[in-house]
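Worksheet: the structure to be examined is printed underneath.
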DNA sequence: GTGGTTGCAAATGATTTGCAGTCCC
DNA sequence: GGGACTGCAAATCATTTGCAACCAC
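Below, the structure written as structure tokens:
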């Protein structure tokens, strides 16, 4: 979640002012809806939830607002092997990264301060000023790895012993 | 570049066999074209270059083949703030990651063995078997940072001293 | 006031897909 | 031979956009 609405609205309001943009009713509604989500979601989810709540916010407004929320640091794009862009709330300073299982699609979140430190170090060396980052490790989760190993074993004994 | 065609074709052929897929003429042509690219590119680039070369490979085949090349480890998706998916060749074991300037779009490649080691360590702890990973750091490159700093200074003195 | 915003629906544009004919193993 | 593969063009589908009415500041 985005923490209490107060701080999120404050942050967003600040960002909008900086950009000479307005904190309209629609933007407020979208922000509030997103504050209630703590899973990953995509644009259409927001549209549906607002509809379900009886709020009159058009699809276009949602699509126009999500990028602003990303820019303001309240949201970030989550890794999505799928087509529609996925977002996730940024919880205060609690940052995490992802491992994505390419077999079953499971998403594992992790956080490692050492990794953060190292990245900062690398940026410093490159004269680069980091604002946010994304670390995605793709591979097999424990279960899929085990399943895969089993399958491989089976294939081997089949190949060695008796032909089919 | 993908190194000499031999090893790339070997690797792709192996992958295809594993998946019970065929190493067709089209797939070979696409692989060869990609072996000649060393920049980032997207699907349409491959289509155009093949066309220009007089090869009859349909757009659909290119779109169907690129994911196979990614799966086989010969290509990987590059970070793209833009819509069309971008790819880049994987050069042997030479792995690198990216810093993306959100102002000017510049892409800075970097490689850090310590970062690799640390990620491996993190995966081990999580029981996750990594196959490949992606590190993208977004922020301001040196030039944009400087420009931004200058602008901020200007704004300040404007605010303090004399009105507009 | 007046410029940014919104809603709608039409436009876009990358990617996918159905299907008949073709090719690799 | 038979299942994979290909080409084509039509279909998808998330996202964007033009424009007139509207609202925050």
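Protein chains in written order, with this note's numbering: chain A, 230 to 393; chain B, 230 to 393. Glycine included, each C-beta is placed from N, C-alpha and C at the ideal position.
Cross-chain neighbours of residue i in chain B, by beta carbon under 8 Å
i                     : result
residue 352 (chain A) : 328, 366, 368
residue 295 (chain A) : Near residue 295 (chain A) there are no residues of chain B at all, since even the closest Cβ is about 15 Å away, more than 8 Å.
residue 343 (chain A) : 347
residue 331 (chain A) : 360
C-beta atoms of residue i and residue j nearer than 9 Å
i                     : j                     : result
residue 340 (chain B) : residue 326 (chain B) : yes
residue 328 (chain A) : residue 359 (chain B) : yes
residue 266 (chain B) : residue 278 (chain B) : yes
residue 356 (chain A) : residue 374 (chain B) : yes
residue 376 (chain A) : residue 332 (chain A) : yes
residue 361 (chain A) : residue 334 (chain B) : no
Chain B residues whose Cβ lies nearer than 7 Å to that of residue i
i                     : result
residue 355 (chain A) : 328, 337, 339
Sequence-distant residues of its chain with Cβ nearer than 7 Å to residue i (five each side left out)
i                     : result
residue 254 (chain B) : none
residue 271 (chain A) : 313, 314, 315, 316
residue 226 (chain B) : The structure shown has nothing for residue 226 (chain B), since chain B only spans 230 to 393.
residue 273 (chain B) : 313
residue 292 (chain B) : 272
Cross-chain neighbours of residue i in chain A, by beta carbon under 7 Å
i                     : result
residue 358 (chain B) : 368, 369, 374
8 Å Cβ shell around residue i - same chain, five flanking residues per side excluded
i                     : result
residue 245 (chain A) : 251, 252, 256, 297, 301
residue 304 (chain B) : 263, 295, 298, 316, 317, 318, 319
residue 379 (chain B) : none
residue 240 (chain A) : 301, 302, 303
Cβ neighbours of residue i in the same chain (closer than 6 Å, five flanking residues each side left out)
i                     : result
residue 284 (chain B) : 258
residue 243 (chain A) : none
Where residue i meets chain A, residues with beta-carbon distance less than 9 Å
i                     : result
residue 363 (chain B) : 308, 363, 364, 365, 366, 367
What runs of the alpha helix (DSSP H), each 4 residues or longer, lie entirely inside the stretch 273 to 326 of chain A? 288 to 300
Does the count of Cβ pairs from the stretch 339 to 356 of chain B and the stretch 293 to 307 of chain B closer than 8 Å reach three? no
Beta strand (DSSP E) segments (min. 3 residues) lying fully within the stretch 322 to 379 of chain A: 326 to 330, 336 to 339, 358 to 369
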